[in-house]
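Notes follow once the structure below has been shown.
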Amino acid sequence: MKVLVVGGGAREHAICEAVKKSKDVDLFSVMHNRNPGILKLAKKAKIAKETEIDKVVEFALENEIDLAIIGPEAPLEAGLTDALIEKGIKVSSPTRDAARIETSKEWMRKLMEKYRIPGIVKYGVFNEIEDAKDFIDLLNGEVAVKPIGLTGGKGVRVYGDHFSSAEEAVRYAKEVIEKRIGGFPKVLIEEKMIGEEFTLQAFSDGKNIYPMPAVQDHKRLLPGDKGPNTGGMGSYSCEDGLLPFLKKSDYEEGCFILQKVIEALNKEGCPFIGTIYGQFMLTAEGVKVIEINSRFGDPEAMNVLPLLKGDFVEICLSMAEGNLSERKIDFDGKATVCKYVVPEGYGTKSMENVPIEVNE
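Set out below in structure tokens:
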């Protein structure tokens, strides 16, 4: 079988390693950067932007790809899954419409509201700053200010972490609207949640979810949970599949929420195929949804994929064919730690073209 993995990050390297554990599989890669780990594993690689749909599809057809796995969110938003399926290639990643659960925070919140999915928080979407200001004042400035669209995990600002007054929240909300941060001239304002964050990833065949061990991701740049938000600085998981602060009932509540999201997407006519991941907050009032993402977490994929028992390619193929229930999915009972090495300036403006030497 010929498998294409799209994306060139550490997450995609972990996906490629999982693919290569399967028997009789040739790995192909399309990535915008030259990831040396992936290059060692791939039979053939093309260096191109993952959002250049025509180039990716052309490469897939030239190499007679049987199954594609898309790592990052941007090509999902650009419609890569749809384009590959149109050419008869199986894809274990969501379509553009299903990926809206991540690519539009507004759409995600409205979906939760429409189908009365638990875990929702007080929120408002605004394109006029005066209306946003009224809502921020109503919550005494204790809010999270979020762009609607994709920002690579770096667009969210939260009271007490990034600003300390309602005036500062309004100022950033105005910036999001006027500069169209996240691609839209509007802003999402949510009540601030207090508690412990955790990630729950799950495979989905469009009907059901098959959850993975819980992971806690640390996004702040500096030690002591300080500095700006990043896409992720490190993460860990525990041998029992839970976390020190997470009870089995909390884990099951997260699973229940993800299952309800899958059912809602089905009712909307856009069944979700692939890996869905919920970023949750365990609060005094229970499990709340921070965001839902339409792919493996980065770095959380590196925690769970090495623990996966069984054939990853067969799981992905079963997702694409809509019959994952026939596969037994299990994970090794081991703890994991993942830590990032990042360039100077990461989280604000990374230095480019600076060599990093790693002694093996």
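When we follow this note's numbering, the leftmost residue of the sequence shown carries the number 28, and every step to the right adds one. Backbone N, C-alpha and C fix where the C-beta goes; we use that ideal spot for every residue, glycine too. These numbers come from a predicted model, not from an experiment.
Asked: Quick test of the definition: if touching needs 3 or more C-beta pairs under 8 Å, does the segment 360-375 touch the segment 263-275?; Found: yes
Asked: Quick one: what does DSSP say His59 is sitting in, helix, strand or coil?; Found: coil
Asked: Using the three-state DSSP reduction, which class does Arg207 fall into: helix, strand or coil?; Found: coil
Asked: Where does Arg354 fall in DSSP's three states?; Found: coil
Asked: Using the Cβ count rule (16 or more neighbours within 10 Å means buried), how would you classify Ile163?; Found: buried
Asked: Helix, strand or coil for Ala72, going by three-state DSSP, please let me know.; Found: strand
Asked: From Gln306 to Glu327, what distance separates their C-alpha atoms?; Found: 11 Å
Asked: Since Ile42 and Phe323 should fall inside the 8 Å C-beta cutoff, what is the C-beta to C-beta distance between them, to a whole number of angstroms?; Found: 7 Å
Asked: Report back the beta-carbon spacing between Ala87 and Leu66 to the nearest angstrom; my notes put them in contact at under 8 Å.; Found: 18 Å between Cβ atoms; not a contact.
Asked: Where Leu332 and Arg198 are concerned, what is the direct C-alpha to C-alpha distance, given to the nearest angstrom?; Found: 41 Å
Asked: Taking the CB atoms as reference points, tell me whether Phe55 and Ala45 lie closer together than 9 Å.; Found: no
Asked: Taking the alpha carbon of Glu218 as the point to measure from, which residue in Leu138, Lys201, Met308 has its own alpha carbon closest?; Found: Met308
Asked: On the three-state DSSP scale, how would you describe Thr108?; Found: helix
Asked: Do Phe339 and Lys395 have their beta-carbon atoms positioned less than 9 Å apart in this structure?; Found: With the chain represented from 28 up to 387, any question about residue 395 goes unanswered, as that position is not in the structure.
Asked: What do you reckon, are the CB atoms on Leu248 and Tyr142 nearer than 9 Å?; Found: no
Asked: For Arg127, is the classification buried or exposed, using 16 other Cβ atoms within 10 angstroms of its Cβ as the cut-off for buried?; Found: buried
Asked: Does the distance from the CB of Leu241 to the CB of Gly281 come in under 9 Å?; Found: The displayed chain sequence assigns Ala, not Leu, to residue 241. Cβ distance < 9 Å, so Ala241 and Gly281 count as in contact.
Asked: Going by DSSP, what residue range makes up the alpha helix (DSSP H) through Ala87?; Found: 80-89
Asked: In chain order, which continuous runs of the beta strand (DSSP E) of length 3 or greater are located wholly inside the segment 155-221?; Found: 170-174, 214-218
Asked: Rounded to whole angstroms, what's the CA-CA distance from Glu259 to Val369? Just pull it up for me.; Found: Residue 259 is actually Gly in this sequence, not Glu. Rounded to whole angstroms, Gly259 to Val369 spans 10 Å at the Cα level.
Asked: To the nearest angstrom, how far is it from the Cα of Val148 to the Cα of Lys315?; Found: 7 Å
Asked: Taking a contact to mean a Cβ-Cβ separation below 9 Å, would you say Ile303 touches Ile317 in this structure?; Found: no
Asked: Short check: CB of Lys73 to CB of Lys82, under 9 Å?; Found: yes
Asked: Taking the Cβ atom as the reference point for each residue, do Leu285 and Leu351 lie within a distance shorter than 9 Å?; Found: no
Asked: Please name the residue in Asn256, Ile383, Gly187, Ser231 whose C-alpha comes closest to that of Val118.; Found: Ser231
Asked: DSSP state of Arg123, grouped into three classes?; Found: coil
Asked: Quick one: complete beta strand (DSSP E) runs, 3+ long, within the segment 308-383?; Found: 313-320, 363-366
Asked: Quick one: is Phe272 buried, meaning 16 or more other Cβ sit within 10 Å of its Cβ, or exposed?; Found: exposed
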